[in-house]
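A.B. asks: Heads up, the sequence shown is in our numbering, so the first residue is 89 and it goes up one at a time.
Where a beta carbon is used, it is the ideal one built from N, C-alpha and C, also for glycine.
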Amino acid sequence: MQYQGLQNGMGKRSSLNCTQRQAGKVPLWVLILLSIFSGLLMYWYTTPQEVPAWARHWLPGLPEYTGPLYRWRDDQGREQVTDKPPKGRSYETVNYRSDANVVPPQGGASRP
Numbered sequence: 089m090q091y092q093g094l095q096n097g098m099g100k101r102s103s104l105n106c107t108q109r110q111a112g113k114v115p116l117w118v119l120i121l122l123s124i125f126s127g128l129l130m131y132w133y134t135t136p137q138e139v140p141a142w143a144r145h146w147l148p149g150l151p152e153y154t155g156p157l158y159r160w161r162d163d164q165g166r167e168q169v170t171d172k173p174p175k176g177r178s179y180e181t182v183n184y185r186s187d188a189n190v191v192p193p194q195g196g197a198s199r200p
C-alpha cells in the first residue's frame with residue numbers, strides 16, 4: 089500500500105500536500121543575528137558591571153551600582169577608595185554594587 093497523503097484525526101485526508109506545508113527553514117543570517125544577540129545578552133547578564141547604562145534597565149535582576157569610585161594608594165602604600173579622584177596621583181575608576189562593602193581592611197592585615 090502506498091502512502092496517499094496526510095490524514096487528520098477523523099480519517100479524512102488533509103488538503104495540504106508536502107509542498108504546501110511549512111518547510112521549517114530559517115535563513116542563515118537570522119540564525120547568526122540571533123546567536124550574536126543571545127551571546128551579548130548572556131555576557132551582559134553574567135557580567136552586569138559591563139552593561140551599558142542605557143541597557144541596564146531592560147535586563148531583569150541586575151543590581152544597582154554606585155557612582156564612579158576611585159581606587160588609589162596613599163603615601164604609606166595603603167589602598168584607598170574614595171568618591172573623588174585624588175589630585176596628583178594615579179587612580180583607577182571602579183563601579184561597585186550598592187550593597188557591596190568597599191572599605192579596605194584596617195590595621196596590619198597582610199595579604200597572602
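At what residues does the beta strand (DSSP E) containing residue 131 begin and finish?
C.D. replies: Reading the sequence shown from its first residue, position 43 is the one you call residue 131. Note, residue 131: premise wrong, no beta strand (DSSP E); alpha helix (DSSP H) at 116-134.
A.B. asks: Roughly how many angstroms lie between the CA atoms of residue 162 and residue 168, to the nearest whole one?
C.D. replies: For the purposes of this step, residue 162 is identified with residue 74 of the sequence shown, where counting begins at 1. For the purposes of this step, residue 168 is identified with residue 80 of the sequence shown, where counting begins at 1. Going from the Cα of residue 162 to the Cα of residue 168 covers about 7 Å.
A.B. asks: Kindly list the residues whose CB is nearer than 6 Å to the CB of residue 170, restricted to its own chain and excluding five residues on each side of it in sequence; keep chain order.
C.D. replies: Position 82 of the sequence shown, counted from the first residue, corresponds to residue 170. If we look at residue 170 and ignore the five residues flanking it on each side, its Cβ neighbours are 158.
A.B. asks: Is the beta carbon of residue 184 less than 8 Å from the beta carbon of residue 160?
C.D. replies: Here residue 184 refers to the residue found at position 96 when the sequence shown is read from its first residue. Here residue 160 refers to the residue found at position 72 when the sequence shown is read from its first residue. In this structure, residue 160 does not lie closer than 8 Å to residue 184 by Cβ.
A.B. asks: Taking the beta strand (DSSP E) that residue 185 falls in, what are its first and last residues?
C.D. replies: Residue mapping note: residue 185 aligns to position 97 of the sequence shown, counting from 1. Counting along the chain, residue 185 falls outside any beta strand (DSSP E), and DSSP gives it neither H nor E.
A.B. asks: Would you mind working out which of 173, 155, 177 and 127 sits nearest residue 165, comparing C-alpha positions?
C.D. replies: Position 77 of the sequence shown, counted from the start, is the residue given in the question as residue 165. The shortest C-alpha separation from residue 165 is found at 177.
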